[in-house]
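Working notes, beginning with the structure itself.
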DNA sequence: TACATGAATGCTGCATGCAGCATCCCGCAT
DNA sequence: ATGCGGGATGCTGCATGCAGCATTCATGTA
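So, in structure tokens, the structure goes:
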């Protein structure tokens, strides 16, 4: 569990971050230092440091002394994707200016993942190759600040996605974009970068994010419509975790 | 010195950050916890936490256990401004969509600061109103992630500016942009936002940053040309600070 | 019964002790 | 003189002690 080649606080950070993203820790859960320290078999010090890092990145927030897992509302995520529109656009622009042959080859690999038919059940595989595709563009842009920002936004977006993925991917909702839509958008980005056309690349990247935002808002509306009205005075529902 | 309404670590963070930006701490200086703790009359704990925060924001970096003030080369700052191009553009876009009458009034105030003639010596006043102008656009965009990123980039850019401001503003260099250039660019941004034209606002904001980048590179070239060749084996030059 | 007040609990933030690691310096040998 | 080795030094990272603050629960009173 504990590697000694790496600072404990970084391991704790990664552990908590992953537990937030995986959904093991829910939005609104309060993070108690002694508990976490006991779970990870370390003292409070590295936990405290890790919490500072998590707060800096917006994954948790200070609720009057208590640290709680951030609750990302739709508005937050849309705002996040507005940032990504700017950042992804610039990254695509720079990538189109700088990309080398082997890097282009790698990018194509990630693109291809969308063409091979995958099981309905294996949505996470697509999600991973989506991440890799976009991340690789950032890497190629060779701009460490851009890469940092992309990591921060990706972590936050991952939390939201996790907490809505079941509902989002519900085929009944009818709001899921087809894989072909996404693939086509990625294809457009790839081609613009491949033809070393920075302006077209930026445009394509921005188009892609715009579609994501539009879809987010549509899906959310759809969810709201399908939401059952809360029963007044009902006890909080028992979560799967407590069974 | 020490306020008790605020967490010590935040005060320490701000203190060190300001000392880095003011130039009291130089790029490459190593930050020793016990020294800083003694200077600020606190224990190592809040200092250590502050260093974690500073590292998260890129103001310092881990040099094999030692923490050192980041050295920002031109390439880094240009990369930083590429980020700002994306972010400022989106912020201007959103601001143009949302801005209210009083907010517009405030923005105009900051714009006007560039019209009133200022002393040659008082460049920092312009620098402040420049910061306020851009920051207000972010505020109006009402996007907390965007605001966060703007703060991070602004802090980093401030460090660089501090460490080059004397040379940059040297009238002999001939590379300084006239205030009128900057004012005209700000004017364009303001007008686009005032007329609630998001696309024009984004365009104007991006144009502005492009000019900044171009100027950065020109100024740096000019500096390199005027740099005296180092004398082999010469002792490090005595800085003005040590006199 | 409802509300107010006070005690007990629990958690965070700061201080400090301790061990491990890298670095630097000095002495020794070649 | 130079290169190598060992010891001393200094710093960080982790653990733990301590105090202050907020929240909560219980008890007493209107």
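Protein chains in written order, with the numbering used here: chain H, 1 to 243; chain B, 1001 to 1243. Beta carbons are placed, not taken as given, at the ideal position from N, Cα and C, and that holds for glycine.
Per DSSP, which residues does residue i bridge with? Please list them.
i: residue 62/H; result: 67/H
i: residue 1030/B; result: 1068/B
For residue i, does the three-state DSSP call read helix, strand or coil?
i: residue 50/H; result: helix
i: residue 1111/B; result: helix
i: residue 1239/B; result: With a pLDDT of 27 at residue 1239/B, under the threshold of 50, the modelled position of that residue is not reliable, and the figure given next carries that caveat. Reduced to three states, the DSSP call for residue 1239/B is coil.
i: residue 1180/B; result: helix
i: residue 168/H; result: In this predicted model, residue 168/H has a pLDDT of only 47, less than 50, meaning its place in the structure is not dependable enough to derive any value.
i: residue 6/H; result: coil
i: residue 104/H; result: helix
i: residue 1077/B; result: helix
i: residue 1116/B; result: coil
i: residue 15/H; result: helix
i: residue 150/H; result: helix
i: residue 1089/B; result: helix
i: residue 57/H; result: coil
i: residue 142/H; result: coil
i: residue 99/H; result: coil
i: residue 24/H; result: coil
i: residue 43/H; result: coil
i: residue 38/H; result: helix
i: residue 228/H; result: The predicted position of residue 228/H is uncertain, since its pLDDT is 45 and thus under 50; a value taken from the coordinates is nonetheless stated next. Of the three classes helix, strand and coil, the one that applies to residue 228/H here is coil, per DSSP.
i: residue 173/H; result: Here the model assigns residue 173/H a pLDDT of 49, short of 50, so the residue's position is not dependable and the matter cannot be decided.
Residue i and residue j look like a contact to me (Cβ under 8 Å); what is the Cβ gap, rounded to whole Å?
i: residue 192/H; j: residue 204/H; result: 5 Å
i: residue 1201/B; j: residue 1092/B; result: 4 Å
i: residue 31/H; j: residue 68/H; result: 7 Å
i: residue 83/H; j: residue 1149/B; result: 6 Å
i: residue 218/H; j: residue 77/H; result: Their Cβ separation, rounded to whole angstroms, is 13 Å, which puts residue 218/H and residue 77/H out of contact at 8 Å.
i: residue 1050/B; j: residue 1012/B; result: 4 Å
i: residue 1137/B; j: residue 1095/B; result: 5 Å
i: residue 245/H; j: residue 98/H; result: It is not possible to answer for residue 245/H, since the shown part of chain H is limited to 1 through 243.
i: residue 1153/B; j: residue 1080/B; result: 6 Å
i: residue 1021/B; j: residue 1188/B; result: Going by Cβ atoms, the distance from residue 1021/B to residue 1188/B rounds to 29 Å, so no, they are not a contact pair.
i: residue 126/H; j: residue 190/H; result: Contact doesn't hold; Cβ gap of about 16 Å is too wide.
i: residue 54/H; j: residue 17/H; result: 7 Å
i: residue 44/H; j: residue 56/H; result: That pair is no contact at about 19 Å.
i: residue 87/H; j: residue 1086/B; result: 5 Å
i: residue 1090/B; j: residue 1025/B; result: At roughly 32 Å, the Cβ-Cβ gap does not stay under 8 Å, so residue 1090/B and residue 1025/B are not in contact.
i: residue 1027/B; j: residue 1163/B; result: 6 Å
Along chain B, in chain order, which residues have C-beta atoms closer than 8 Å to that of residue i?
i: residue 182/H; result: Near residue 182/H there are no residues of chain B at all, since even the closest Cβ is about 22 Å away, more than 8 Å.
i: residue 144/H; result: 1076 and 1079
i: residue 90/H; result: 1082, 1083, 1085 and 1086
i: residue 103/H; result: Correct list: empty, because the minimum Cβ distance to chain B is about 18 Å.
i: residue 33/H; result: Going along chain B, no residue has its Cβ under 8 Å from residue 33/H, so there is no contact; the nearest lies around 13 Å.
Whose Cβ in chain B lies nearer than 9 Å to the Cβ of residue i?
i: residue 28/H; result: In chain order: nothing, as chain B lies at least about 18 Å away.
i: residue 68/H; result: Chain B residues near residue 68/H: none, gap ~16 Å exceeds 9 Å.
Within 7 Å: the Cβ of residue i and any heavy atom of the ligand ATP?
i: residue 1095/B; result: This structure lacks the ligand ATP; in fact it carries no ligand of any kind.
Which residues in chain H sit within 7 Å of residue i, going by Cβ to Cβ distance?
i: residue 1149/B; result: 83 and 149
i: residue 1094/B; result: 82
i: residue 1155/B; result: Ordered by position in chain H, no residue passes the 7 Å Cβ test against residue 1155/B, which lies about 12 Å from the chain.
i: residue 1024/B; result: None at all; the shortest Cβ gap to chain H is about 24 Å.
For a contact defined as C-beta to C-beta under 8 Å, what are the partners of residue i on chain H?
i: residue 1049/B; result: 48, 49 and 52
i: residue 1139/B; result: Ordered by position in chain H, no residue passes the 8 Å Cβ test against residue 1139/B, which lies about 13 Å from the chain.
Identify the contact partners of residue i in chain H, using a Cβ-Cβ distance below 9 Å as the criterion.
i: residue 1014/B; result: The premise fails here: residue 1014/B is roughly 14 Å from chain H at the closest Cβ pair, so nothing lies under 9 Å.
Residues of chain B with a CB under 7 Å from the CB of residue i: which are they?
i: residue 217/H; result: Those within 7 Å of residue 217/H in chain B number zero; the least Cβ separation is about 15 Å.
Legend entry - Entirely enclosed beta strand (DSSP E) segments - the segment 189 to 225 of chain H, minimum 3 residues: Qualifying beta strand (DSSP E) stretches: none in this window.
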